[in-house]
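Asks: Protein sequence lines, in the order shown, are assigned to chains A and B. Converting from the first sequence to the numbering used here requires adding 64 to each position, the first position being numbered 1. Converting from the second sequence to the numbering used here requires adding 1 to each position, the first position being numbered 1. Note that CB positions come from ideal geometry on N, CA and C, so glycine has one too.
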Amino acid sequence: MVNKNARATNPLLGQDHWNIQLDENGRLKHFLTIEGLGSEILTEILDTAENFTSVNKRTVKKVPLLRGKTITNLFFEASTRTRTTFELAAKRLSADVLNINISTSATSKGESLLDTLYNLQAMQTDMFVIRHQDSGAAHFAARHVAPYISVLNAGDGRHAHPTQAMLDMLTIRQNKGHDFSALRVAIVGDILHSRVARSQIHALNTLNIGDIRVVAPRTLLPADIEKLGVNVHYNLQQGIADADVVIMLRLQKERMQGAMLPSELEYYQQYGLTSETLKYAKPDAIVMHPGPINRGVEIESCVADGMQSVILDQVSNGIAVRMAVMSMTLGTSAQQTGDDK
Amino acid sequence: MNQPSGILIKQGRLIDPANQLDAVKDIYLENGRVIAIDDHIEQSKTAAAEEIDARGLIVMPGIIDLCARVREPGLEHKATIKTETIAASKAGITTLCCPPDTDPVIDEKAVVDLINHGVKNAAHSHIVCLGAMTSKLKGEHLSEMAALKAAGCVGISNASRPITNTLVLRRALEYASSHDLTVFIEPNDPYLSNHGCAHEGAVATRLGLPGIPDAAESTVIARDLELIAEIGARVHFGRISSARSIGLIEQAQKQGLKVTADVAIHQLFLTEMDLSTYNSHCHVLPPFRELRDRDALRYAVANGIVQAICSDHQPHEEDAKLHPFPATEPGISGLETLLPLTLKLVSENILSWQQAVTSLTIAPGKILGIDKGHLSIGAVADLAIINPDKDWTLEAETMKSQGKNTPFLGWHFQHQLAHTIINGQLIR
Numbered sequence: 065m066v067n068k069n070a071r072a073t074n075p076l077l078g079q080d081h082w083n084i085q086l087d088e089n090g091r092l093k094h095f096l097t098i099e100g101l102g103s104e105i106l107t108e109i110l111d112t113a114e115n116f117t118s119v120n121k122r123t124v125k126k127v128p129l130l131r132g133k134t135i136t137n138l139f140f141e142a143s144t145r146t147r148t149t150f151e152l153a154a155k156r157l158s159a160d161v162l163n164i165n166i167s168t169s170a171t172s173k174g175e176s177l178l179d180t181l182y183n184l185q186a187m188q189t190d191m192f193v194i195r196h197q198d199s200g201a202a203h204f205a206a207r208h209v210a211p212y213i214s215v216l217n218a219g220d221g222r223h224a225h226p227t228q229a230m231l232d233m234l235t236i237r238q239n240k241g242h243d244f245s246a247l248r249v250a251i252v253g254d255i256l257h258s259r260v261a262r263s264q265i266h267a268l269n270t271l272n273i274g275d276i277r278v279v280a281p282r283t284l285l286p287a288d289i290e291k292l293g294v295n296v297h298y299n300l301q302q303g304i305a306d307a308d309v310v311i312m313l314r315l316q317k318e319r320m321q322g323a324m325l326p327s328e329l330e331y332y333q334q335y336g337l338t339s340e341t342l343k344y345a346k347p348d349a350i351v352m353h354p355g356p357i358n359r360g361v362e363i364e365s366c367v368a369d370g371m372q373s374v375i376l377d378q379v380s381n382g383i384a385v386r387m388a389v390m391s392m393t394l395g396t397s398a399q400q401t402g403d404d405k
Numbered sequence: 002m003n004q005p006s007g008i009l010i011k012q013g014r015l016i017d018p019a020n021q022l023d024a025v026k027d028i029y030l031e032n033g034r035v036i037a038i039d040d041h042i043e044q045s046k047t048a049a050a051e052e053i054d055a056r057g058l059i060v061m062p063g064i065i066d067l068c069a070r071v072r073e074p075g076l077e078h079k080a081t082i083k084t085e086t087i088a089a090s091k092a093g094i095t096t097l098c099c100p101p102d103t104d105p106v107i108d109e110k111a112v113v114d115l116i117n118h119g120v121k122n123a124a125h126s127h128i129v130c131l132g133a134m135t136s137k138l139k140g141e142h143l144s145e146m147a148a149l150k151a152a153g154c155v156g157i158s159n160a161s162r163p164i165t166n167t168l169v170l171r172r173a174l175e176y177a178s179s180h181d182l183t184v185f186i187e188p189n190d191p192y193l194s195n196h197g198c199a200h201e202g203a204v205a206t207r208l209g210l211p212g213i214p215d216a217a218e219s220t221v222i223a224r225d226l227e228l229i230a231e232i233g234a235r236v237h238f239g240r241i242s243s244a245r246s247i248g249l250i251e252q253a254q255k256q257g258l259k260v261t262a263d264v265a266i267h268q269l270f271l272t273e274m275d276l277s278t279y280n281s282h283c284h285v286l287p288p289f290r291e292l293r294d295r296d297a298l299r300y301a302v303a304n305g306i307v308q309a310i311c312s313d314h315q316p317h318e319e320d321a322k323l324h325p326f327p328a329t330e331p332g333i334s335g336l337e338t339l340l341p342l343t344l345k346l347v348s349e350n351i352l353s354w355q356q357a358v359t360s361l362t363i364a365p366g367k368i369l370g371i372d373k374g375h376l377s378i379g380a381v382a383d384l385a386i387i388n389p390d391k392d393w394t395l396e397a398e399t400m401k402s403q404g405k406n407t408p409f410l411g412w413h414f415q416h417q418l419a420h421t422i423i424n425g426q427l428i429r
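(1) Mind checking who residue 158/B pairs with in its DSSP beta bridge?
(2) Residue 289/A touches chain B at which residues, Cβ-Cβ below 8 Å?
(3) Taking the beta carbon of residue 333/A as the centre, do at least 16 other beta carbons fall within 10 Å, making it buried, or is it exposed?
(4) I'd like to confirm the pairing. Which residues does DSSP put opposite residue 426/B in its beta bridges?
(5) Which word fits residue 406/B, buried or exposed, when buried means at least 16 other C-beta atoms lie within 10 angstroms of its C-beta?
(6) Going by other Cβ atoms of all chains shown within 10 Å of its Cβ, with 16 needed for buried, is residue 227/B buried or exposed?
(7) Classify residue 94/B: buried if its beta carbon has 16 or more other beta carbons within 10 angstroms, exposed otherwise.
(8) Would you mind stating whether residue 208/B and residue 199/A have Cβ atoms separated by less than 9 Å?
(9) Which residues in the same chain have their Cβ closer than 6 Å to the Cβ of residue 205/B, if we skip the five residues on either side of it in sequence?
(10) At 7 Å on the CB atoms, spell out the chain A contacts of residue 210/B, in chain order.
(11) Assess, as a yes-or-no matter, whether the segment 248-265 of chain A is touched by the segment 302-311 of chain A under the definition of 3 or more beta carbon pairs within less than 8 Å.
(12) Output needed in chain order: residues of the segment 208-224 of chain A with a Cβ under 9 Å from some Cβ in chain B.
(13) Tell me which same chain residues have a C-beta within less than 6 Å of the C-beta of residue 322/B, skipping the five on either side of it?
(14) Confirm, please, whether the CB-CB distance from residue 390/B to residue 414/B is below 9 Å.
(15) With a 10 Å radius around its C-beta and 16 neighbouring C-beta atoms as the bar for buried, classify residue 99/B as buried or exposed.
(16) Using three-state DSSP, classify residue 192/B as helix, strand or coil.
(17) Answer yes or no: do residue 409/B and residue 342/B have a C-beta to C-beta separation smaller than 9 Å?
(18) When the cut-off is 9 Å and only beta carbons count, does residue 417/B lie next to chain A?
(19) Answer with yes or no whether the minimum CB distance from residue 122/A to chain B is below 9 Å.
(20) Would you mind working out which of 32/B, 64/B, 28/B and 80/B sits nearest residue 56/B, comparing C-alpha positions?
(21) If you run the structure through DSSP and keep just helix, strand and coil, what is residue 11/B?
(22) Secondary structure at residue 102/A, three-state DSSP: helix, strand or coil?
(23) Check the DSSP bridge columns for residue 94/B and list the partner residues they point to.
(24) What residue range does the beta strand (DSSP E) around residue 237/B cover?
(25) Just the Cα atoms here: how many angstroms apart are residue 347/B and residue 168/B?
(26) For residue 124/A, does the count of other Cβ atoms within 10 angstroms reach 16, so buried, or fall short, so exposed?
(27) Out of 377/A, 288/A and 281/A, state which residue places its alpha-carbon closest to the alpha-carbon of residue 298/A.
(28) Roughly how far, in whole angstroms, is the beta-carbon of residue 362/A from the beta-carbon of residue 336/A, given that I think they are within contact range, below 8 Å?
(29) Using 9 Å as the limit for Cβ to Cβ distance, is residue 286/A near chain B?
(30) Check the DSSP bridge columns for residue 26/B and list the partner residues they point to.
(31) Who does residue 52/B pair with in a DSSP beta bridge?
(32) Give, in chain order, every unbroken run of the beta strand (DSSP E) that is at least 3 residues long and sits entirely within the segment 351-405 of chain B.
(33) In the DSSP output, what is residue 198/B paired with across the bridge?
(34) Can you find a C-beta in chain B that's less than 9 Å from the C-beta of residue 138/A?
(35) Do residue 137/A and residue 162/A have their C-beta atoms closer together than 9 Å?
(36) Of the residues that make up the segment 273-287 of chain B, which ones have a beta carbon closer than 7 Å to any beta carbon in chain A?
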């Protein structure tokens with residue numbers, strides 16, 4: 065998939081967009097997308113996160129791994145869960161944290177992303193955690209910041225949300241075991257606009273999943289999605305039949321306006337996960353959702369809160385996974401520290 | 002005093018498709034015109050002040066570029082008539098055609114006069130303009146097309162602002178054909194494009210970039226062809242990007258419709274795959290499509306379905322490309338790669354020399370209805386002289402255009418321009 069011409073002949077381009085994530089020793093330098101990372105690195109993230117979950121269960125939830133480091137959360141889009149879990153992760157690693165939100169930042173006064181990055185870089189930041197509305201924003205940042213700075217992608221446009229995908233993998237692993245090869249996962253909802261779905265698909269395929277299905281009407285499916293290695297279903301019951309994992313995606317209200325869907329009601333009737341429709345999945349299937357959930361739009365309350373739901377486990381795992389990625393990218397081995405119980 | 006002013010070009014391989022000529026010849030220019038072409042012309046028998054030894058070189062008519070934005074008036078921080086015509090003249094391009102989406106829009110005589118004034122003072126090559134098809138390019142009211150034609154516009158166009166009201170379009174085609182004006186259309190349905198920035202397909206899906214489907218172009222062509230069939234207007238489709246569009250145009254030509262088409266040179270080389278690194282220099286509209294589209298476009302040029310190749314030159318300041326991909330401004334600074342890339346197609350046996358030269362000279366000249374792009378005796382002495390065997394590399398530092406925004410930086414080329422002659426004057 066690499067364009068040889070562009071790589072060989074364009075000196076402005078730098079590295080390929082997945083290689084830019086790794087340093088010369090093959091260690092994680094930035095975390096921008098799952099695509100192009102091998103299963104060893106993904107497994108290392110999961111193992112490291114698993115170790116950190118024990119830190120998070122202690123009374124003193126802090127390790128000194130990133131003491132003296134400065135981590136800047138740069139959020140150009142609203143977020144509660146992702147930003148707070150990144151913040152908590154940084155604080156539990158003893159880093160100093162700076163939170164910058166678009167609504168109060170200089171960008172609304174016309175400052176470009178690059179100028180914002182350069183200004184914060186001048187304040188000796190060691191890591192940027194970036195969420196931005198444009199696909200490719202995290203790659204753009206990684207390509208332009210100083211070489212000692214790491215960039216973590218906290219969501220860029222429709223492209224990628226790799227830490228979300230990894231916390232989902234951790235949740236699946238905790239519930240279904242380390243071998244994914246016999247598992248069937250269904251991702252239901254607005255795949256077209258979902259960076260979460262794209263990252264999940266890459267992560268699941270890298271971890272050798274048995275079967276991935278995406279379930280949505282065609283208006284919410286991107287072109288040629290099957291080329292990412294998924295099976296496409298337009299019908300919920302067929303799509304989640306015998307699934308081990310059902311991942312529901314949030315449906316944004318704006319989708320009604322762009323003639324993508326007729327109504328919330330029809331969407332709920334066709335694609336909403338209810339206690340009735342969930343019966344098509346395996347009896348021990350787990351139900352996941354990246355949040356925030358729309359009760360009664362994509363998921364019935366009793367399913368979201370039910371026995372099969374692991375939605376709140378995902379949130380807890382979010383902190384551990386973000387701690388893992390932060391410690392790995394800032395070059396500090398966390399494996400031993402996690403054992404320090 | 003009668004100072005000798007002519008230029009004698011000796012023993013070059015003269016390629017002039019309009020006159021079915023491809024042979025080693027001498028050519029003599031004087032007073033801005035082609036005076037003589039012969040196997041041998043003695044300098045003593047001419048008033049030549051200069052002799053160019055063209056042995057081993059290609060001598061062809063100067064290039065006519067169907068679509069080049071010089072950014073003046075309105076966007077002089079990106080480029081000016083002066084900078085871009087210098088770049089053109091150093092790239093073998095002797096005539097540029099500017100679309101009307103300047104600021105102010107070329108929708109009245111005064112703006113044409115303003116540009117002509119700028120051209121007179123600063124231009125280093127010829128410039129012709131297309132007038133706006135509708136007032137302010139808004140797609141609502143017809144522009145004063147007859148006045149624009151009288152002021153010198155060679156055709157009319159709504160540039161890259163599509164007319165979505167089909168009735169307005171129909172009337173514009175009718176009115177233009179009443180005044181014997183060619184209508185230049187960049188086919189695009191803005192509803193289907195929907196602010197996309199990449200070809201809708203597997204790559205855009207992977208990169209999470211909003212996609213532009215093939216149908217955004219082909220549905221407009223299909224609709225317009227129906228109107229053309231009914232009205233009989235003379236229409237040129239510019240910057241075609243997809244195989245489906247080629248199919249529609251080929252079919253219409255077979256049915257005898259007066260439609261022509263061009264393709265931007267970069268579309269004959271790059272595809273959606275080149276976006277894989279979020280390279281903002283590959284952000285163009287229409288977007289780079291799939292390999293099969295690129296191959297269909299190459300086929301169409303080789304088979305005369307698409308007659309002309311243009312630069313679709315859109316120079317930008319560096320900052321315009323220094324954003325995340327979707328937030329960057331689309332377009333490539335293309336003047337300086339038009340000729341070398343087209344000749345790369347000759348090296349790759351996609352086009353013959355005759356075809357390549359035709360698509361850069363006489364074909365666009367005919368489309369614009371101007372008497373240029375050929376080397377008949379008495380013709381305007383606009384020429385390009387090319388060294389067909391001189392390796393060079395495109396580098397930002399040596400580009401003449403004010404815009405250095407091109408994905409072809411670092412590309413190696415085999416053909417290098419040796420000289421450009423405009424109005425019988427050797428460009429230095």
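Replies: The relevant details are as follows:
(1) Residue 158/B is bridged to 133/B and 185/B.
(2) Here the neighbours are 206.
(3) Here residue 333/A is exposed. Its C-beta has fewer than 16 other C-beta atoms within 10 Å.
(4) Residue 426/B pairs with 423/B.
(5) Buried is the call here.
(6) Residue environment analysis places residue 227/B among the exposed positions, since fewer than 16 neighbouring C-beta atoms fall within 10 angstroms of its C-beta.
(7) Buried, because 16 or more other Cβ atoms sit within 10 Å of the Cβ of residue 94/B.
(8) Yes; because the gap between Cβ atoms is below 9 Å, this pair is in contact.
(9) Taken in chain order, the residues that qualify are 199 and 212.
(10) Here the neighbours are 199.
(11) Judged by Cβ distances under 8 Å, the segment 302-311 of chain A makes contact with the segment 248-265 of chain A, as three or more pairs qualify.
(12) The segment 208-224 of chain A vs chain B, Cβ under 9 Å: 208, 220, 221, 222, 223 and 224.
(13) Only residues of its own chain outside the window of five on either side were considered, and among them 281, 329 and 406 have a CB closer than 6 Å to the CB of residue 322/B, listed in chain order.
(14) No; because the gap between Cβ atoms is not below 9 Å, this pair is not in contact.
(15) It counts as buried.
(16) Under the three-state reduction of DSSP, residue 192/B is assigned to helix.
(17) Yes, they are a contact pair.
(18) No, residue 417/B does not count as interfacial toward chain A.
(19) For residue 122/A, no Cβ of chain B is located within less than 9 Å of the residue's own Cβ.
(20) When C-alpha distances from residue 56/B are compared across 32/B, 64/B, 28/B and 80/B, the shortest belongs to 28/B.
(21) In the structure shown, residue 11/B sits in a strand (DSSP, three-state: E or B).
(22) The answer is coil: DSSP assigns residue 102/A none of H, G, I, E or B.
(23) According to DSSP, residue 94/B shares a beta bridge with 64/B.
(24) DSSP places residue 237/B in the uninterrupted beta strand (DSSP E) bounded by 236-238.
(25) Answer to the nearest angstrom: the Cα atoms are 43 Å apart.
(26) Residue 124/A comes out exposed.
(27) Out of 377/A, 288/A and 281/A, 281/A has the C-alpha closest to the C-alpha of residue 298/A.
(28) In this structure residue 362/A touches residue 336/A by the C-beta definition: roughly 6 Å separates them, less than 8 Å.
(29) Yes, because at least one Cβ of chain B sits closer than 9 Å to the Cβ of residue 286/A.
(30) Answer is 13/B.
(31) Note: residue 52/B sits in a beta bridge opposite 9/B.
(32) If only uninterrupted beta strand (DSSP E) runs of at least 3 residues are considered, those enclosed by the segment 351-405 of chain B are 384-388.
(33) Beta-bridge pairing links residue 198/B to no other residue.
(34) By this cut-off, residue 138/A is not an interface position.
(35) The answer is yes: Cβ separation under 9 Å.
(36) Listed by position, the residues of the segment 273-287 of chain B near chain A (Cβ gap below 7 Å) are 274, 275, 277, 278, 279 and 280.
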